[in-house]
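**Q** Pasting a structure here, questions to come.
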Amino acid sequence: MAEKTLSQASASTPSTSEKTLIVLEAALEHSRFSEVVSATGFPKATVHRLISTLADRQFVTIDPEGNYLPGPSILAMAGKALERIDISSIARPFVDALVDSIHCTVHMGAISGDAVIYILRKDSDKPYKMPSRVGLSVPLHTTGIGKAILATYDDETVERMLTRAGMAQITEASITTVEDFKRELADVRRRGTARDRGENVPGIACIAAPVHDHTGVVRYGLSISTLSIEHTDEQIEAMSGSLLSTAAAISKALGYRGTEPDPGYPSPHP
Numbered sequence: 001m002a003e004k005t006l007s008q009a010s011a012s013t014p015s016t017s018e019k020t021l022i023v024l025e026a027a028l029e030h031s032r033f034s035e036v037v038s039a040t041g042f043p044k045a046t047v048h049r050l051i052s053t054l055a056d057r058q059f060v061t062i063d064p065e066g067n068y069l070p071g072p073s074i075l076a077m078a079g080k081a082l083e084r085i086d087i088s089s090i091a092r093p094f095v096d097a098l099v100d101s102i103h104c105t106v107h108m109g110a111i112s113g114d115a116v117i118y119i120l121r122k123d124s125d126k127p128y129k130m131p132s133r134v135g136l137s138v139p140l141h142t143t144g145i146g147k148a149i150l151a152t153y154d155d156e157t158v159e160r161m162l163t164r165a166g167m168a169q170i171t172e173a174s175i176t177t178v179e180d181f182k183r184e185l186a187d188v189r190r191r192g193t194a195r196d197r198g199e200n201v202p203g204i205a206c207i208a209a210p211v212h213d214h215t216g217v218v219r220y221g222l223s224i225s226t227l228s229i230e231h232t233d234e235q236i237e238a239m240s241g242s243l244l245s246t247a248a249a250i251s252k253a254l255g256y257r258g259t260e261p262d263p264g265y266p267s268p269h270p
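Be aware that the sequence shown starts at 1, since it is given in full-length UniProt numbering, and climbs by one per residue.
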């Protein structure tokens, strides 16, 4: 990130304030002095001077081994910024663009307790509407969003959550055993997207992808919903590219700096 910022500023000599921000960004990404020098391209003396200033103002701390860490000032600022984040407002422009592209309803949801809560919905220009609304609670095991998020959890956590929530047979297509659901999640991890083939509402099919927050944890899911009679499985799968790129764009807007989903990290839930 620091290299990109520097290249953008290279059209003219960066000011002292720009250099300070570039060094701060590099120090938050690289823990050693030599790495910060390499990332910024600044002289060692300049980097040393700016790091010292940042450390004095507690934007950067230096541990006994000489590694750079986020300081109390930057952490306090980050906390205040996170408190003001409106997830739906951040995601809405990306969701609107996706709906305009694929002409299907798009939902964004998050796990709350042992269910999925829709936090954003955008209808397509089709004459029919999906039987959903913002704030609606739906089961984890019957929804694409639930599967997309749970696929990042370890098996023990998944089993504990499903046992606690129950696996009611909402439709004839619903998965109702933990072992079958684990196999489904293995497919989700392999494909990178999750499917709901009429498991929550008869005749409605969904494809979903994970959305990361600024820490890298998958806390949200993004789904495309359509009528099974309107799109074949192959046509729904063909939407995965647009879905994944939109999910990645939302993740980036939320502060995620990775390049791809990582299903191996621990669950944020107890």
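Heads up, the beta-carbon is just placed ideally off N, CA and C, and yes, glycines get one too.
1) Taking 6 Å as the limit between beta carbons, can you name the residues of its chain near A208, skipping five residues before and five after?
2) From what residue to what residue does the beta strand (DSSP E) around G221 run?
3) Mind checking which residues open and close the beta strand (DSSP E) that includes S137?
4) Are there 16 or more other CB atoms within 10 angstroms of the CB of P202, so buried, or fewer, so exposed?
5) Which runs of the beta strand (DSSP E) spanning at least 3 residues fall entirely within the stretch 61-130, listed in chain order?
6) Buried or exposed, going by whether 16 or more other CB atoms sit within 10 Å of the CB of P210?
7) Can you tell which of D114, I87 and G113 has the C-alpha that lies nearest to the C-alpha of H107?
8) For T13, collect the residues of the same chain with a Cβ closer than 7 Å to its Cβ; drop the 5 residues on either side in sequence, then sort them by chain order.
9) DSSP three-state label for R257, please.
10) So, is A2 buried or exposed, given that buried needs 16 or more other C-beta atoms within 10 angstroms?
11) If you run the structure through DSSP and keep just helix, strand and coil, what is residue 284?
12) Should L185 go down as buried or exposed, given a rule of 16 or more other Cβ atoms within 10 Å for buried?
13) Assuming contact is defined by CB atoms lying nearer than 9 Å, are D213 and G258 in contact in what I supplied?
14) With which residues is I204 paired in a DSSP beta bridge?
15) Under three-state DSSP, which class holds H212?
16) Can you check which of these residues, G109, R133, N200 and T53, is closest to Y173 by C-alpha distance?
17) Buried or exposed for I229, going by 16 or more other Cβ atoms inside 10 Å?
18) What would DSSP say about G264, mapped onto helix, strand or coil?
19) Hey, how far is the Cα of T105 from the Cα of S124?
20) Look up F42 in the DSSP assignment and say whether it is helix, strand or coil.
21) Do H103 and the ligand PLP come close, with the Cβ less than 8 Å from some heavy atom?
22) What residue does the alpha helix (DSSP H) around I145 start on, and which one ends it?
23) Please list, in chain order, all residues of the same chain as R164 whose beta carbon is under 8 Å from its beta carbon, the five residues on each side excluded.
24) Based on Cα-Cα distance, which residue from T152, I175, V178 and T177 lies nearest to R190?
**A** In this structure, then:
1) Against the sequence shown, residue 208 aligns to sequence position 208. Excluding positions up to five away in sequence, the list reads G144, I145, A148, A194, G221 and S223.
2) As a working mapping, residue 221 is identified with position 221 in the sequence shown. Segment V218 to L227, the beta strand (DSSP E) holding G221.
3) Along the sequence shown, read from residue 1 onward, the residue named residue 137 stands at position 137. Start and end: S137 to P139.
4) Residue 202 sits at position 202 when you count from the first residue of the sequence shown. With fewer than 16 other Cβ atoms within 10 Å, it is exposed.
5) 68-70, 105-112 and 115-122
6) By one-based count along the sequence shown, residue 210 stands at place 210. With 16 or more Cβ atoms within 10 Å of its Cβ, P210 is classed as buried.
7) Indexing the sequence shown from 1 puts residue 107 at position 107. With distances taken between Cα atoms, H107 lies closest to I87.
8) The residue given as residue 13 occupies position 13 in the sequence shown. No residues qualify anywhere along the chain.
9) In the sequence shown, the residue the question calls residue 257 occupies position 257. In the structure shown, the three-state DSSP call for R257 is coil.
10) In the sequence shown, counting from the first residue as 1, residue 2 sits at position 2. Note on A2: pLDDT 49, under 50, position unreliable in the model; the coordinate value appears next. It is buried - the Cβ of A2 has at least 16 other Cβ atoms within 10 Å.
11) This structure cannot settle anything about residue 284, because the visible part of the chain is limited to 1 through 270.
12) Stepping through the sequence shown from its first residue, residue 185 is reached at position 185. Under this definition L185 is a buried residue.
13) The sequence position of residue 213 within the sequence shown is 213, counting from 1. The sequence position of residue 258 within the sequence shown is 258, counting from 1. Against a cut-off of 9 Å, the Cβ pair of G258 and D213 comes out as no contact.
14) Counting from 1 along the sequence shown, the entry for residue 204 is found at position 204. I204 pairs with L227.
15) Start at 1 with the first residue of the sequence shown, and residue 212 comes out as number 212. Three-state result, H212: strand.
16) Locating residue 173 in the sequence shown gives position 173, where the first residue counts as 1. Before going further, note that residue 173 is Ala rather than Tyr in the sequence given. Comparing C-alpha distances from A173 to each of G109, R133, N200 and T53 shows the shortest one belongs to N200.
17) Start at 1 with the first residue of the sequence shown, and residue 229 comes out as number 229. I229 should be labelled exposed.
18) Translated into positions along the sequence shown, residue 264 becomes position 264. In this prediction, G264 has a pLDDT of 36, which is less than 50 and means its spatial position is unreliable; what the coordinates show is noted afterwards. Reduced to three states, the DSSP call for G264 is coil.
19) Here residue 105 corresponds to residue number 105 of the sequence shown, with the count starting at 1. Here residue 124 corresponds to residue number 124 of the sequence shown, with the count starting at 1. Within the model, the alpha-carbon separation for T105 versus S124 is close to 5 Å.
20) The sequence position of residue 42 within the sequence shown is 42, counting from 1. Of the three classes helix, strand and coil, the one that applies to F42 here is coil, per DSSP.
21) The ligand PLP is not among the ligands present in this structure, which contains no ligands whatsoever.
22) Mapped onto the sequence shown, residue 145 falls at position 145. First-last of the alpha helix (DSSP H) with I145: G144 to L150.
23) Counting from one through the sequence shown, the residue named residue 164 turns up at place 164. Excluding residues within five positions, the ones whose Cβ falls inside 8 Å are D114.
24) One-based indexing of the sequence shown puts residue 190 at position 190. When only C-alpha atoms are compared, the closest one is T152.
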